[in-house]
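What follows is one structure encoded as structure tokens, with my remarks underneath.
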Amino acid sequence: MNNFGGPPMTSTSQNITRSGRIVVRLNPPEIWNKLNAVGNEMQVETIGRSLRPRLEYVVEGLDPNKIYSMHVHFERMNRSLLMYEDGVWNEEFDELKDVPAKTNAFFVGTETGADWLLYGIDASRLKIFKPRRRGPNVSREVREQDAARILRNEQTMINVRTLCRYVPVLEIYELAGAHNFLCHTAKFDETKFVVVTNYKNKDLIKMKTDEILKRTATTNPVSSEPDIKKERASEARGSSNQGQENEYYPYN
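Residue numbers (my numbering): 8 to 259.
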């Protein structure tokens with residue numbers, strides 16, 4: 008049995024959230040700040056795509072002897088679909104009615120407070136996906152197959168809508184027997200992004216590629232080189248397509 012109460016009062020400053028003794032920081036904050044300054048975007052595919060940069064946090068104030076579970080979901084920030092015009096994202100007039108204000112949650116893991124304090128909160132496995140687009144005349148069987156596929160994907164990925172702006176929300180639960188207590192939420196405005204099929208802001212491609220090069224160079228530069236080339240090619244393919252976003256419209 009879960010006992011999900013409302014989140015505790017959380018005070019927020021740039022890159023840091025606090026509630027009681029618990030403090031959460033972005034790790035590292037610099038790249039998120041840079042991307043947010045130019046208007047961050049995240050590419051999405053039907054098969055899923057990882058966030059770039061990776062979503063990671065440092066946490067303080069947990070009880071080393073208690074067990075904590077970490078989850079991430081997204082909150083939608085726009086009321087209408089977004090349009091990119093003259094280098095700026097603007098909302099359309101019609102209010103969205105078919106897109107949830109809150110996405111499904113991604114399970115990061117369950118560990119002791121000691122482990123979270125030592126290793127941090129690594130949500131780099133998080134992927135986003137968009138459901139496959141279908142025409143209005145598809146069969147009931149195909150619709151049922153698509154619905155089942157969405158449910159399967161939501162077990163390991165977050166379901167998003169293109170041309171919407173989201174902000175990630177980290178939730179920390181303390182596990183106490185049969186009850187889970189929400190003891191902290193962390194939401195950083197610097198991590199907000201617009202979901203796109205292809206990048207609109209071309210400055211983001213170089214910024215994100217440079218960040219991948221910098222981070223992989225500090226881990227395993229030899230084995231990481233093929234991944235860097237693959238990522239560059241993927242970003243380039245996305246930027247070369249200037250057509251309209253491949254939107255998904257839920258069935259009526």
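Here a beta-carbon is modelled for each residue, glycine too, at the ideal position from N, C-alpha and C. If you're wondering where the values come from, they're calculated on a predicted model, not measured in any experiment.
Determine, using beta carbons only, whether Leu182 and Ile74 come nearer to each other than 8 Å.
Reading the sequence shown from its first residue, position 175 is the one you call residue 182. Reading the sequence shown from its first residue, position 67 is the one you call residue 74. Yes, these two residues count as a Cβ contact at 8 Å.
Any contact between the stretch 98-112 and the stretch 167-177? By contact I mean 3 or more CB pairs, one from each, below 8 Å.
Contact between the stretch 98-112 and the stretch 167-177 is established, with three or more Cβ pairs separated by less than 8 Å.
Decide yes or no for the touch test of the stretch 44-62 against the stretch 81-88: beta carbon pairs closer than 8 Å, at least 3 of them.
At 8 Å Cβ cutoff, the stretches do not touch.
Three-state secondary structure (DSSP) at Leu58?
Taking the sequence shown and counting its residues from 1, the one referred to as residue 58 is at position 51. DSSP places Leu58 in coil when its eight states are reduced to three.
Glu197 and Asn43 closer than 8 Å at C-beta
Residue numbering aside, residue 197 sits at position 190 when the sequence shown is read from its first letter. Residue numbering aside, residue 43 sits at position 36 when the sequence shown is read from its first letter. Going by C-beta atoms, Glu197 is nearer than 8 Å to Asn43.
By how many angstroms is the C-alpha of Leu33 removed from the C-alpha of Pro71?
Taking the sequence shown and counting its residues from 1, one reaches residue 71 at position 64. Taking the sequence shown and counting its residues from 1, one reaches residue 33 at position 26. Spanning the two alpha carbons is a distance of roughly 20 Å.
How would you label Glu99, buried or exposed, when you count the other beta carbons within 10 angstroms and need 16 or more for buried?
Against the sequence shown, residue 99 aligns to sequence position 92. Classification for Glu99: exposed.
For Trp96, which beta-bridge partners are listed by DSSP?
The residue labelled residue 96 in the question sits at position 89 within the sequence shown. Its beta-bridge partners are Tyr91.
Cβ-based neighbour list, Phe113, same chain, cut-off 6 Å, excluding 5 preceding and 5 following:
In the sequence shown, counting from the first residue as 1, residue 113 sits at position 106. The answer, listed in chain order, is Val79, Leu133, Ile165.
DSSP beta-bridge partners of Arg147:
Locating residue 147 in the sequence shown gives position 140, where the first residue counts as 1. Arg147 pairs with nothing; no bridge assigned.
Does the separation of the CB atoms of Cys123 and Val66 fall below 8 Å?
Sequence index remark: in the sequence shown, residue 123 carries index 116 (1-based). Sequence index remark: in the sequence shown, residue 66 carries index 59 (1-based). At residue 123 the sequence reads Trp, which differs from the Cys that was named. Yes, the Cβ-Cβ distance between Trp123 and Val66 is below 8 Å.
Could you check the C-alpha separation between Asp153 and Thr24 for me, to the nearest Å?
Residue 153 sits at position 146 when you count from the first residue of the sequence shown. Residue 24 sits at position 17 when you count from the first residue of the sequence shown. The alpha-carbon atoms of Asp153 and Thr24 are separated by roughly 39 Å.
Could you give the uninterrupted runs of the alpha helix (DSSP H) lying entirely in the stretch 119-169, keeping only those of 4 residues or more?
Segments of the alpha helix (DSSP H) lying fully in the stretch 119-169: 120-126, 147-160.
Express the C-alpha separation of Val115 and Met77 in angstroms, rounding to a whole number.
What you label residue 77 is simply residue 70 of the sequence shown in a count that begins at 1. What you label residue 115 is simply residue 108 of the sequence shown in a count that begins at 1. Straight across, the Cα-Cα distance linking Met77 with Val115 is about 5 Å.
Specify the secondary structure class of Lys104 as computed by DSSP and reduced to three states.
Residue mapping note: residue 104 aligns to position 97 of the sequence shown, counting from 1. Correct three-state label for Lys104: coil.
Own chain, CB closer than 6 Å to Ser131, minus 5 neighbours either side, in chain order:
On the sequence shown, residue 131 is found 124 positions in, with the first residue counted as 1. Excluding its 5 nearest sequence neighbours in each direction, Ser131 has C-beta neighbours in its own chain below 6 Å: Arg61, listed in chain order.
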